[in-house]
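Have a look at the structure below, then the notes.
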Amino acid sequence: TNDTIAWEDGNTWSFLSKPPFAMSQATSAAKDMGGFYVDPAKTQSDTFAGARMMSDSVPKSPALDLLVIGSNDGSSFFYLRGTTIDKASGSILIHSISGGQIGTFRGDNITWLQSYVWLRQRRATASLA
């Protein structure tokens, strides 16, 4: 069907219209930038709207060591490449068609010079009440 990708080794990936897990804001600082973030201005519950998935270990080019996959509306997805400018200070540059965006990784968020923030998320744990 059109909602599944089948690979030669027998594995399959199924289309997901919404996240099959709950997320909550990270409460402790992480050391690496890779992870799941949300843009609070674009987030809609039970959708991928506002989702930002970042990898900081892209092997092809040390000059472009960041990869972001995200969605503003939960239906269409984009990818952007980026560069760690200064790992010690957390300065990063994400490249886009409209130019570069400079931000600072702060452990539990990325704050952008354009006055918006991406909040790092963690998988929510179920309550055992």
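In our numbering, the protein residues as written are 992 to 1120.
Idealized CB from N, CA, C, for every residue including glycine.
- Within the same chain, Cβ atoms closer than 6 angstroms to the Cβ of residue 1041 are found at 1029, 1030, 1033 and 1034, the five residues on either side in sequence being excluded.
- Per DSSP, residue 1064 lies in no beta strand (DSSP E) segment and is marked neither H nor E.
- Counting of Cβ neighbours within 10 angstroms places residue 1109 among the buried residues, the total reaching 16 or more.
- Taking C-beta separations shorter than 7 angstroms and ignoring five residues to either side along the sequence, the partners of residue 1056 in its chain run 1047, 1049, 1074 and 1075, following chain order.
- Judged by their CB atoms, residue 1083 and residue 1044 are not nearer to each other than the 8 angstroms cut-off.
- The three-state secondary structure of residue 1098, taken from DSSP, is coil.
- Leaving aside the five residues that flank residue 1099 on each side, the residues in its chain whose CB is nearer than 8 angstroms to its CB run, in chain order, 1016, 1017, 1018, 1019, 1020, 1021, 1110 and 1111.
- Closest by C-alpha distance to residue 1027, out of 1014, 1036, 1037 and 1038, is 1014.
- Under the rule that a run must span 3 or more residues, the beta strand (DSSP E) segments found entirely inside the segment 1014-1082 read 1014-1016, 1026-1029, 1042-1046, 1057-1061 and 1069-1077.
- Where residue 1105 is concerned, there is no enclosing beta strand (DSSP E), because DSSP gives it neither an H nor an E.
- With fewer than 16 other CB atoms across the displayed protein chains lying within 10 angstroms of its CB, residue 1006 is exposed.
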